[in-house]
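Enquirer:
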Amino acid sequence: MTLEMTGIYKSFGANDVLRNIDFSVKAGEICALLGENGAGKSTLMNILGGVLPADAGTVRLDGRQVQFRTPAESLDAGIAFIHQELNLVNDLAVFENMFIGRELKTKAGFLDAKAMCGRCREVFARMDVDLDPRAMVRDLDASYKQIVEIARALLMEASVIIMDEPTTSLTGPEIERVFDMMRTLQSQGVAMVFISHKLQEVMSVCSRYTVLRDGAMVAFGQVEDTSVDELARHMVGHEVRTESLRQERELGPEVLRVENLSQERRFQNISFQVRAGEVLGFTGLLGDGRSELFQAIFGSGGRYQGQVYVEGRPVSVRGTPQAVELGIGYVPRDRKENGIIKDMDILENGSIVTWPKRVKLGFIDWKDVREAFDRQAAGLKVKMDSPKAPIGSLSGGNQQKVVLAKWLNAEPKALIFDNPTQGVDVGAKEDIYDTILDLAGKGVAVVVLSSEAQEIVRLCDRALVLYHGQVQGELSGDGLNDQEIMRLATGGAAKAG
Amino acid sequence: MERAEANETPRWMARLRDLWRTNPLFSTGMALVVMIIVQTAALAMNSSFDSFGAWFQNWLQNWISLLRGNAGIGIIALGMTFVIISGGIDLSVGSVYVTVGALLMVLLNTGEGGWLASLGLGGVPAIILALVLALALGSLLGEGNGLLISYGRMPPFIATLGSMQILRSVTQYFMKTQKTELPDAYKSIARFSIGGQQLMPILYWALLAAAMYIISQKTTFGRYVFAIGSNERTTRLSGVNVRKVKRRVYALTGFLVAVAAVIQTSRIGSMDYASAGSGFEMDAIASVIVGGTSMSGGRGSVVGTVLGTLIVAVMNNLLNLIGVDPYLSAAFKGAIIIGAVLLQRKEKA
Chain S
17 MTLEMTGIYK SFGANDVLRN IDFSVKAGEI CALLGENGAG KSTLMNILGG VLPADAGTVR
77 LDGRQVQFRT PAESLDAGIA FIHQELNLVN DLAVFENMFI GRELKTKAGF LDAKAMCGRC
137 REVFARMDVD LDPRAMVRDL DASYKQIVEI ARALLMEASV IIMDEPTTSL TGPEIERVFD
197 MMRTLQSQGV AMVFISHKLQ EVMSVCSRYT VLRDGAMVAF GQVEDTSVDE LARHMVGHEV
257 RTESLRQERE LGPEVLRVEN LSQERRFQNI SFQVRAGEVL GFTGLLGDGR SELFQAIFGS
317 GGRYQGQVYV EGRPVSVRGT PQAVELGIGY VPRDRKENGI IKDMDILENG SIVTWPKRVK
377 LGFIDWKDVR EAFDRQAAGL KVKMDSPKAP IGSLSGGNQQ KVVLAKWLNA EPKALIFDNP
437 TQGVDVGAKE DIYDTILDLA GKGVAVVVLS SEAQEIVRLC DRALVLYHGQ VQGELSGDGL
497 NDQEIMRLAT GGAAKAG
Chain B
-4 MERAEANETP RWMARLRDLW RTNPLFSTGM ALVVMIIVQT AALAMNSSFD SFGAWFQNWL
56 QNWISLLRGN AGIGIIALGM TFVIISGGID LSVGSVYVTV GALLMVLLNT GEGGWLASLG
116 LGGVPAIILA LVLALALGSL LGEGNGLLIS YGRMPPFIAT LGSMQILRSV TQYFMKTQKT
176 ELPDAYKSIA RFSIGGQQLM PILYWALLAA AMYIISQKTT FGRYVFAIGS NERTTRLSGV
236 NVRKVKRRVY ALTGFLVAVA AVIQTSRIGS MDYASAGSGF EMDAIASVIV GGTSMSGGRG
296 SVVGTVLGTL IVAVMNNLLN LIGVDPYLSA AFKGAIIIGA VLLQRKEKA
């Protein structure tokens, strides 16, 4: 099947979101749709998926003009949309998820589990994956969940599958697993649209690309004719930095020291120390325990064994208020679940940590709060209409900056960043890196947890690589590079010396 | 494009439509206004038209007694608002009410078996002591709920369902054969008359509503309540002592219930332990929901709850005026709740 979109226009009020976009994908092709957050990728795909109507332009399937008024119509035409937030019910089995809403029934009207499992196995065989249809979805790792979503699309006989950032929550080997499966489907003539920020992945799996910027098509072509740098340039509109951001800094005294920290089944015998002005990285694959480790240090991860020292004094942190009191801050991962409060406005989201410091006669001094927030928002280059707007009106990158702002105002001595650039566009990423380095320059002890090796390499003075909850090795200087991180993260032994 | 739109619909209509969409209080307020108009019309038909003055007197009297009669529920609903915004629920308010009421009765009884009287305490000191103890008991019972929910990690529904049963049953067991006489000075807490009218309950309600409004908007505690209801994890990861805030939400509700118990016992002068406070939890929840507070937490307002209480009250009054069978009044209440939530859902879309 060939899908062609030509001359697509869309505007929301006075805001032109898409201007004259052409996009096409053929059977057996994986086409990358690239662009920063807000470039119009989602709008374009929502038009294709029947979620939004286009203002102008045509959509053709195999040369026949079509118009989708609802997601169901689009699905019936063979176009499946897999959203970034997976649409699976954790408490149901794989086959139940795959048939949800279209269950097969026996003649008596009961569910026909056997037939459904059989159909699932057929699809899995076609995809060349080994998966038990009766397994519970909650027991699957993230890559298999993604695979179940794709299998569901195939089950509905989709011939075009749109995947919106399918690898965001996956680790290296898991990403490979999904890619292998995508290649298998490609050889079977399925057309796929791959939306991603990760340009390396685009280079390895896609055959063509289209880049959107501010609602306009700025580049398209064959992936083999381009490079990561060129794609990044198209997305941002100017040169992007990939060089190391490490800098010589005067290190101050030790701020945070951890000795033999253990928590059952999560992490074991972790020891490290961070000094003022230092940027220490933690990385590893999914399940390496780094988030759990730092949540425990921040007082929200339950009981642990071992000892934590803040500025040389032994402390036992029993709750997050105490951690804040001690001068520890934590910018969490998974912004939506842990970072933002969706019913509150930008100002409140960006200041909640410091409210107790800005109370006068029992009442919050909102003017003071606002001034402090405005200072940080300006420094972070937050793009917003007004601090009183809801947090949901901001793009992912700007939301993350607001989360950062609340911690910057708290003026912590040690600040932990957990996946700070998850789901953030290239421009905002650089702003966040600048902020992190600026903090280190001001003598804050910074810890960066990241699953992106590149991020660790560019930012950190020193990095610990975790493997199954244990420190597999420490890297610094020239030894701190992508290859070494990958080797240690997958369980390779640390080199002597 | 803007000009074209202005030609189609007048600007004031567009503005009204915007208000309707964006401000949840607006539609609640409109609903109340409509109900008041209908109620006024019903009252006009019920009363004779001797003179406008007489009719106005009648109207005013009706309103004063309506507000006075609903002050208790109104005050309890204020606490319930915080509980629901924080993502919880408190089913025990009716039972806390009857328990605090019972304590007031045994403390202040001037007849046989009155504790303070038998200790030789009387007059104003006895009343003040009884008030302090009653408010403390209400807060403590609320604190108990809060402890179960925050430190015991129990779902609020279950914790308060349990305490609701325990408190009512124990109170009824001990209060089987109590006959009570309350001192007159105590009764004047609610009956003190201003310009010939007993306005005190209305005054207490208004003051507490104002205080709760300020708390909800201007204090860290109030804003934390909203934050917890919207996203508890993020709030905890922002260094907020979530458990302490939750505990205080339930303690505050217990305190407000105790205030309501004081006002109602002093207004009525007695308490029927079998039925007092029963159904209060549902009435309070209904007021909060009709007022636009989200059952899933994070969104809501004190002003909305006051409007919600008034809507339910005006509707009951209206049914009374037009002579609807009392057995049917609950059905109307149910319809109002469902209608209010449907209305609010439309706004969001």
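Chains as they are written, first to last, in the numbering used here: chain S, 17 to 513; chain B, -4 to 344. Glycine included, each C-beta is placed from N, C-alpha and C at the ideal position. The structure displayed is predicted, hence computed values, not measured ones.
(1) Using a Cβ cut-off of 8 angstroms, pull out every chain S residue sitting near B:T229, in sequence order please.
(2) Mind listing the chain A neighbours of S:K422? Cutoff is C-beta to C-beta under 8 angstroms, in chain order.
(3) Are the C-beta atoms of S:P436 and some chain B residue less than 8 angstroms apart?
(4) Exposed or buried, S:E101, counting other C-beta atoms within 10 Å across all chains shown (16 or more means buried)?
(5) Which ranges would you report for the alpha helix (DSSP H) in the segment 102 to 188 of chain B if only whole runs of at least 4 residues count?
(6) Mapping DSSP to helix, strand and coil, what is S:S492?
(7) Look up S:N516 in the DSSP assignment and give the residues it is bridged to.
(8) Compute the distance between the beta-carbons of B:I86 and B:F152, then report whether it is under 8 angstroms.
(9) For the segment 210 to 230 of chain B, enumerate the residues whose C-beta is nearer than 7 angstroms to any C-beta of chain S, in chain order.
(10) For S:Y483, verify whether its CB is less than 7 angstroms away from any heavy atom of the ligand SAM.
(11) Is it true that the CB of S:Q311 sits closer than 8 angstroms to the CB of S:G317?
(12) With a threshold of 8 angstroms between beta carbons, is B:R12 in contact with chain S?
(13) Hey, would you say S:V164 sits closer than 8 angstroms to S:M114, going by beta carbons?
(14) Taking S:P69 as the reference, give the member of S:S90, S:V176 and S:I166 with the closest Cα.
(15) Quick check: the Cα distance between B:Q34 and S:A421, rounded to an integer number of angstroms?
(16) Under the assumption that B:G234 contacts S:V462 (Cβ atoms under 8 angstroms), give the Cβ distance between them as a whole number of angstroms.
(17) Please work out which residues of its chain come closer than 7 angstroms, Cβ to Cβ, to S:N435, disregarding the five sequence neighbours upstream and downstream, and give them in chain order.
(18) By how many angstroms is the C-alpha of B:N57 removed from the C-alpha of B:E276?
(19) With a Cβ-Cβ cutoff of 8 angstroms, do S:T226 and S:F236 count as a contact?
(20) Helix, strand or coil for S:P436? Go by DSSP, reduced to three states.
(21) Check whether the Cβ of B:N41 lies closer than 8 angstroms to any Cβ atom in chain S.
(22) Where S:E240 and S:S220 are concerned, what is the direct C-alpha to C-alpha distance, given to the nearest angstrom?
(23) Find the residues of chain S that neighbour B:R294, judging by a C-beta separation of less than 7 angstroms, and give them in chain order.
(24) For B:I68, which residues of its own chain have a beta-carbon under 7 angstroms away from its beta-carbon, when the five flanking residues on both sides are left out?
(25) Does DSSP put S:E173 in a helix, in a strand, or in coil?
(26) Using DSSP with H/G/I as helix, E/B as strand and the rest coil, what is S:I286?
(27) Give me the chain B residues within the contact set of S:A339, using Cβ-Cβ distance strictly less than 8 angstroms, ordered along the chain.
(28) For S:S411, which of S:F39, S:A43, S:C47 and S:S58 has the nearest alpha-carbon?
(29) May I ask you to report which of helix, strand or coil DSSP gives B:A39?
(30) Would you mind reading off the limits of the beta strand (DSSP E) that contains S:E270?
(31) So, is S:A207 buried or exposed, given that buried needs 16 or more other C-beta atoms within 10 angstroms?
(32) Taking the Cβ atom as the reference point for each residue, do S:Y346 and S:F314 lie within a distance shorter than 8 angstroms?
(33) How many Å lie between B:G137 and S:V105 at the Cα?
(34) With 8 angstroms as the threshold, decide whether the Cβ of S:G335 is near any Cβ in chain B.
(35) Assign B:R(-2) to buried or exposed, taking buried as 16 or more other Cβ atoms, counted over all protein chains shown, within 10 Å of its Cβ.
(36) By DSSP, does B:D13 sit in helix, in strand, or in coil?
Expert: So, to answer that:
(1) The contacting residues are P348, E353, N354, G355, I356 and I357.
(2) Chain labels in this structure do not include chain A; the protein chains are S and B.
(3) Not an interface residue.
(4) Classification for S:E101: exposed.
(5) Correct list: 110 to 113, 118 to 145, 151 to 169 and 179 to 186.
(6) Correct three-state label for S:S492: strand.
(7) As displayed, chain S neither begins before 17 nor continues past 513, which places residue 516 of chain S out of reach and without an answer.
(8) Just to set this straight, residue 86 of chain B is Leu in the shown sequence, not Ile. The answer is yes: Cβ separation under 8 angstroms.
(9) Taking 7 angstroms as the cut-off between beta carbons, the residues of the segment 210 to 230 of chain B near chain S are K213, T214, T215, R218, F221, A222, S225, N226, R228, T229 and T230, in sequence order.
(10) The ligand SAM is absent from the structure shown, which contains no ligand whatsoever.
(11) For S:G317 and S:Q311, yes; Cβs fall inside 8 angstroms.
(12) Closer than 8 angstroms: no.
(13) Going by C-beta atoms, S:V164 is nearer than 8 angstroms to S:M114.
(14) Out of S:S90, S:V176 and S:I166, S:S90 has the C-alpha closest to the C-alpha of S:P69.
(15) Looking at the two C-alpha atoms, the distance is approximately 52 angstroms.
(16) The beta carbons of B:G234 and S:V462 sit about 18 angstroms from each other, so the pair does not count as a contact at 8 angstroms.
(17) The answer, listed in chain order, is R349, L465, S466 and S467.
(18) Looking at the two C-alpha atoms, the distance is approximately 25 angstroms.
(19) Note that the C-beta distance between S:T226 and S:F236 is below 8 angstroms.
(20) Three-state result, S:P436: coil.
(21) Under the Cβ distance rule, B:N41 does not count among the residues neighbouring chain S, no pair being separated by less than 8 angstroms.
(22) Cα to Cα, the separation comes out at about 10 angstroms.
(23) Chain S residues near B:R294: D359.
(24) So the qualifying residues of the chain are F275, D278, A279, S282 and T304.
(25) Three-state result, S:E173: coil.
(26) In the structure shown, S:I286 sits in a strand (DSSP, three-state: E or B).
(27) The contacting residues are G234.
(28) Nearest neighbour of S:S411 by Cα position, chosen from S:F39, S:A43, S:C47 and S:S58, turns out to be S:S58.
(29) In the structure shown, B:A39 adopts helical secondary structure according to DSSP, grouped into three states.
(30) It spans E270 to Q279 - the beta strand (DSSP E) in which S:E270 sits, taken as one unbroken run.
(31) Buried, since its Cβ has 16 or more Cβ neighbours within 10 Å.
(32) Result yes, Cβ atoms of S:Y346 and S:F314 sit closer than 8 angstroms.
(33) Cα to Cα, B:G137 sits roughly 37 angstroms from S:V105.
(34) Using beta-carbon distances, S:G335 counts as an interface residue toward chain B, with a partner under 8 angstroms.
(35) Residue placement at B:R(-2) is flagged as unreliable, the pLDDT there being 46, under the threshold of 50; the coordinate-derived value follows with that caveat. B:R(-2) is exposed by the Cβ-count criterion.
(36) B:D13 falls in the helix class under three-state DSSP.
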